[in-house]
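Protein chains: 2
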Amino acid sequence: MTQDLRLSPGDTVGILGGGQLGRMLAIAAASLGLRTHIFCPDKQSPAFDVSAAQTVAAYEDKGALTEFAAACAAVTYEFENVPGETAAHLATLCPVRPGVRALEVSQDRLAEKDFLTASGVALAAYARIDTDDDLTVALQRFGGRGVLKTRRFGYDGKGQVMIRAAGDADGALDKLKHAPAVLEQLIGFEREVSVIVARDIDGKCDAYDVSENHHENHILKTSTVPAKLDPDTAAAARDMAIQIAASLDYVGVMGVEMFLCAGPDGEELLVNEIAPRVHNSGHWTEDACLTSQFEQHMRAVAGWSLGSCARHSDVVMENLIGDESDIWPDVLSDPNARLHLYGKRESRPGRKMGHVNRIRTRRT
Amino acid sequence: MTQDLRLSPGDTVGILGGGQLGRMLAIAAASLGLRTHIFCPDKQSPAFDVSAAQTVAAYEDKGALTEFAAACAAVTYEFENVPGETAAHLATLCPVRPGVRALEVSQDRLAEKDFLTASGVALAAYARIDTDDDLTVALQRFGGRGVLKTRRFGYDGKGQVMIRAAGDADGALDKLKHAPAVLEQLIGFEREVSVIVARDIDGKCDAYDVSENHHENHILKTSTVPAKLDPDTAAAARDMAIQIAASLDYVGVMGVEMFLCAGPDGEELLVNEIAPRVHNSGHWTEDACLTSQFEQHMRAVAGWSLGSCARHSDVVMENLIGDESDIWPDVLSDPNARLHLYGKRESRPGRKMGHVNRIRTRRT
Chain A
2 MTQDLRLSPG DTVGILGGGQ LGRMLAIAAA SLGLRTHIFC PDKQSPAFDV
52 SAAQTVAAYE DKGALTEFAA ACAAVTYEFE NVPGETAAHL ATLCPVRPGV
102 RALEVSQDRL AEKDFLTASG VALAAYARID TDDDLTVALQ RFGGRGVLKT
152 RRFGYDGKGQ VMIRAAGDAD GALDKLKHAP AVLEQLIGFE REVSVIVARD
202 IDGKCDAYDV SENHHENHIL KTSTVPAKLD PDTAAAARDM AIQIAASLDY
252 VGVMGVEMFL CAGPDGEELL VNEIAPRVHN SGHWTEDACL TSQFEQHMRA
302 VAGWSLGSCA RHSDVVMENL IGDESDIWPD VLSDPNARLH LYGKRESRPG
352 RKMGHVNRIR TRRT
Chain B
2 MTQDLRLSPG DTVGILGGGQ LGRMLAIAAA SLGLRTHIFC PDKQSPAFDV
52 SAAQTVAAYE DKGALTEFAA ACAAVTYEFE NVPGETAAHL ATLCPVRPGV
102 RALEVSQDRL AEKDFLTASG VALAAYARID TDDDLTVALQ RFGGRGVLKT
152 RRFGYDGKGQ VMIRAAGDAD GALDKLKHAP AVLEQLIGFE REVSVIVARD
202 IDGKCDAYDV SENHHENHIL KTSTVPAKLD PDTAAAARDM AIQIAASLDY
252 VGVMGVEMFL CAGPDGEELL VNEIAPRVHN SGHWTEDACL TSQFEQHMRA
302 VAGWSLGSCA RHSDVVMENL IGDESDIWPD VLSDPNARLH LYGKRESRPG
352 RKMGHVNRIR TRRT
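Protein chains in written order, with my numbering: chain A, 2 to 365; chain B, 2 to 365.
Given below as structure tokens:
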């Protein structure tokens, strides 16, 4: 399969996953004259509303995947837990962007940390944990404190056990049902920031400004841009994201989460994790940049040149979670707020229903 | 039918017409969490790509219209030549916004000019022409010069005969197949400008900045904002558009085309025509304003409050007509240009394939 294929306007990009990210990708594609085809097992998926071409099938359904690939000039995905076999099968039929390697690395916290270490970026100390003995040894190394996380399928604080005191480690692996895990050293991080980086098929790379992220109940609540950072630290954060994208020979948009710590020589950045897709902490780009992360991703996936990542406004992105989306009339009546709703049929606690971009100072 | 109905996120707005305007309306609706349902007789319509709910049927198919209305909380349209019976039938079933009156007025040049006169805005002198005698009398009144136009279904210069000299009037009505017509006095207009105005169901009204429009072969080629105008003239243009929308008790976005003439007391504005829909000369709002004309229209149709019409950038919108859309890679590589393609399957001379918004100075 030609990995350097460039699409033409009117071609179809397949999207694995039908959530809000797929929906926003499909909308961005449409503005560029690209068609989309959504593949998702759940027929009530938000992305289905905005794309005429759709497949409702399991990700493991090879027949459906083969038909899907035949209808698409290239395939991308909105979530990193695409089964390895699904991606591998599709990759024999059409370009899959970002590539299979990005999925392999990001699906396994241990592989991800090993990859990040090899890429030369800084991250918190970590240890592979398969047994209680592994945990005991690692905790000794990390001063008795750490976060135990499953290697796979953790998100929004799920699949994690915090270990701060001696007793916390007892039964910790039981809580994770003895899934393969990693222990991360607890660091006294001050704030969480992230960088959205984009890389095209020619290796050209650009990064958006750093955002500062606040979580509530382990779910992203706000992203503020610009982040309060030394300019040198901000530049270093963007450089680290670009370095990671280059190491993966990445095509598309990637989110890179980092911890900002007080180090002996000032601010220090440790990479937390990467997401090989458009990222919730990049939703602010839709209204504060000329090119959104969604358009940027579709341009890269199409083999086209990237747009400018320049930011024209200061902005705070606020997720609308569960019933919080009931404030939509207030958002509409604020001339500096931009409403984005995902069209989900049912509101549930913890469910991301939409977001607001609140534009602050506009910059020239 | 409740004319003051306010929709909720997740509700469906029906759109009559599946061209690029319907497509851009559907995209804007999706960002607000609204669903759309496209009704169009041509199954190859650009808007079908971006909306899962679609009806391919004739506008005269009452059964199909009834089913369509049942699936929609409100209905709008992307073109003014919706058959009167179609709109009237739908209006018995659900709110149609803008209303039937806006269609009646804008479908008939004579009714439109009579309405504009009654609204108190200035326009060029005109006369109803049904016979050769009508034409002779009117030409005497207008100094022997004028533009003869069919009352219905003229667009992009079609259905028009220019009369500048005595012989031009001979057979003029034959050329229009003796369709009911109007003669417009030829005015020495300097430039064509337009205003995009928006009005919500509570009667709140706002207008975008005036754009200056240039045509090639009777098709809009560029819209430049700001237009070169005296500030007083610009304010007057916006006020006239607001006055027209109020007179129609209009709900939605409307385009108002005007001629800018050198009058005895300085610049003078004469209204040319109105379009009860989003308008090609408002495409610049997508990238130079916080709220695009497409979002503004869908907000009004949903019974929601309008967004800000404030403009943050100077901009030139350029239509990509026929093969001109082949320049898309150059547009993508210009960091200040924003590409919009309509996904049309076939390029034909004179066909609008997309547009570019070229951002000039950014304003705070």
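The C-beta atom is built at its ideal place from N, Cα and C for all residues, glycine as well.
Between residue i and residue j, what straight-line distance do the alpha-carbon atoms span, to the nearest angstrom?
i      : j      : result
B/V14  : A/G267 : 54 Å
B/C41  : B/L340 : 26 Å
B/M299 : A/L17  : 29 Å
A/A89  : A/A65  : 14 Å
B/A59  : B/Y78  : 14 Å
B/D43  : B/A54  : 15 Å
A/A328 : A/V83  : Correcting the residue type first, residue 328 of chain A is Ile in the shown sequence and not Ala. Using only the alpha carbons, I get a separation of about 34 Å.
A/E347 : A/R165 : 38 Å
B/T365 : A/L271 : In this prediction, B/T365 scores a pLDDT of 46, lower than 50, which makes its location untrustworthy; no coordinate-derived value is stated.
B/Q186 : B/Q161 : 13 Å
B/E217 : B/R192 : 13 Å
B/R352 : A/F190 : 57 Å
B/T114 : B/P47  : The identity of residue 114 of chain B in the sequence shown is Lys, whereas the question assumes Thr. Approximately 33 Å, taken between the alpha carbons.
B/D203 : B/A128 : 36 Å
A/P10  : A/A27  : 14 Å
B/S306 : B/D207 : 11 Å
B/V196 : B/S120 : 16 Å
B/H284 : A/R146 : 57 Å
B/D131 : B/S107 : 19 Å
B/P232 : B/L124 : 20 Å
A/I322 : B/P181 : 58 Å
B/Q1   : B/E213 : Residue coverage of chain B in this structure runs from 2 to 365, which leaves residue 1 of chain B outside it and unanswerable.
B/D12  : B/A31  : 11 Å
B/A228 : B/V279 : 19 Å
A/L136 : A/G168 : 13 Å
B/G355 : A/L177 : 53 Å
A/G20  : A/F49  : 9 Å
B/D335 : B/S282 : 22 Å
A/L6   : B/D210 : 42 Å
Just the chain B side, please: which residues come within less than 9 Å of residue i by C-beta, in chain order?
i      : result
A/W285 : In chain order: nothing, as chain B lies at least about 14 Å away.
A/I360 : L291
A/P401 : In the structure as shown, chain A starts at 2 and stops at 365, and residue 401 of chain A therefore has no counterpart that could be examined.
Return the Cβ separation of residue i and residue j in integer angstroms, given the expectation that the two are a contact with Cβ distance under 8 Å.
i      : j      : result
A/A289 : A/R312 : 5 Å
A/E61  : A/G85  : Incorrect: roughly 11 Å between the Cβ atoms, too far for contact.
B/I360 : A/L291 : 7 Å
B/V302 : B/A75  : 6 Å
B/N358 : B/E296 : Contact flag wrong, Cβ pair sits at about 15 Å.
A/L184 : A/F143 : 7 Å
Can you name the residues of chain B whose CB is closer than 7 Å to the CB of residue i?
i      : result
A/P350 : Residues of chain B passing the Cβ test: none, with the nearest at roughly 18 Å.
A/L340 : L33
A/P42  : Correct list: empty, because the minimum Cβ distance to chain B is about 17 Å.
A/G11  : G344 and R346
A/G355 : G34
Using a C-beta to C-beta distance shorter than 8 Å, which residues of chain A count as neighbours of residue i?
i      : result
B/Y343 : G34
B/V51  : A27, I28, A31, V51, S52 and A53
Name the chain A residues whose beta carbon is nearer than 7 Å to that of residue i?
i      : result
B/A208 : Within 7 Å Cβ-Cβ: nothing; B/A208 doesn't reach chain A, min ~15 Å.
B/L26  : Those do not exist, as B/L26 stays about 12 Å from chain A at its closest Cβ, beyond 7 Å.
Taking C-beta pairs closer than 9 Å, name the residues in chain A that residue i reaches, listed in chain order.
i      : result
B/R300 : L333
(message) Tell me which residues of the region 136-157 of chain A have at least one Cβ-Cβ distance to chain B shorter than 8 Å, keeping chain order.
(response) Per Cβ criterion, the list is empty.
(message) What ranges does the beta strand (DSSP E) occupy inside the region 289-348 of chain B, keeping only unbroken runs of at least 3 residues that lie completely in it?
(response) Qualifying beta strand (DSSP E) stretches, in chain order: 314-322 and 338-342.
(message) Restricting to runs no shorter than 3 residues, where is the beta strand (DSSP E) found entirely within the region 168-198 of chain A?
(response) Those beta strand (DSSP E) runs which fall completely within the region 168-198 of chain A and span 3+ residues are 182-186.
(request) Return the residues of the region 65-93 of chain B that lie within a Cβ-Cβ distance of less than 7 Å from chain A, sorted by chain order. (result) Result list empty, no residue passes.
(message) Could you tell me which whole alpha helix (DSSP H) segments of length 4 or greater appear in the region 188-253 of chain A?
(response) Segments of the alpha helix (DSSP H) lying fully in the region 188-253 of chain A: 232-248.
(request) Entirely within the region 106-146 of chain A and at least 4 residues each: give me those alpha helix (DSSP H) ranges in chain order. (result) The qualifying runs are 110-120 and 133-142.
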